[in-house]
Amino acid sequence: MNTTSFKTYSARPGDVEAAWHVVDAENLVVGRLAARVATILRGKHKPEYTPHMDVGDHVVVVNAGKARFTGKKETDKLYFRHSGYPGGIKQRTPKELRDHKPEFIVENAVKGMMPRNKLGRAMLGKLHVYAGPDHPHAAQQPEPLDI
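As numbered in my numbering, residues 397 to 543 make up the sequence shown, in order.
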């Protein structure tokens with residue numbers, strides 16, 4: 397077999413077709429859900445994956461408020477933010493965040509698994525997270541995704 401004749405495939409912007417997937421996050425573990433969603437957003441599940449191109453699909457996550465943590469993370473894990481002023485650090489547990497902004501838990505977990513550059517931010521724009529079971533993307537005909 398002559399292996400010198402193989403060409404490395406590199407996707408071009410016109411070659412990319414982004415599909416739509418919907419994931420029901422009810423009773424799914426947050427980290428495992430985020431890892432699978434990040435893979436689909438990056439396009440690593442496709443044979444035409446190219447590291448420097450956005451070849452991923454759109455992902456709609458519903459029931460994000462019902463995703464769960466394992467162990468004691470629901471009460472012991474902390475999310476931090478800072479006001480920019482001295483002594484301005486604020487912290488919340490997932491239990492408190494779930495009441496205020498349940499989408500943030502899934503969005504933050506997926507964001508942590510994406511590349512930290514311009515391309516990663518563009519890929520993150522294809523993530524659509526909703527706390528309840530309804531979403532406004534029915535016209536795109538998203539396919540259910542089992543995780």
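All C-beta atoms in this analysis are idealised placements derived from N, C-alpha and C, irrespective of residue type, glycine included.
Secondary structure of residue i, DSSP reduced to three states
i       : result
Val-412 : coil
Ile-436 : helix
Asp-542 : coil
Asp-472 : helix
Gln-487 : strand
Thr-446 : coil
Gly-516 : helix
Thr-404 : coil
Gln-536 : helix
Boundaries of the alpha helix (DSSP H) in which residue i is found, first to last residue
i       : result
His-496 : 490 to 496
Phe-465 : It is not in any alpha helix (DSSP H) - Phe-465 carries neither H nor E in the DSSP assignment.
Phe-500 : 499 to 507
Supposed contact pair residue j and residue i - C-beta distance, whole angstroms, cut 8 Å
i       : j       : result
Met-509 : Ala-421 : With 8 Å as the limit, Met-509 and Ala-421 do not qualify as a contact, their Cβ atoms being about 15 Å apart.
Val-457 : Tyr-526 : 7 Å
Leu-520 : Leu-437 : 7 Å
Met-449 : Ala-505 : That belief does not hold up - the Cβ atoms of Met-449 and Ala-505 are roughly 24 Å apart, past 8 Å.
Bridge-paired residues (DSSP) for residue i
i       : result
Gln-451 : Here the sequence assigns Val to residue 451, which means Gln is not the residue at that position. Paired residues: none, contrary to the question.
Asp-352 : Only positions 397 to 543 of the chain appear in the structure, and residue 352 is not among them; the question remains open.
Val-425 : Arg-464
Element boundaries [beta strand (DSSP E), containing residue i]
i       : result
Val-525 : 523 to 525
Arg-512 : Premise fails: Arg-512 is in no beta strand (DSSP E) and is neither H nor E.
Phe-476 : 475 to 478
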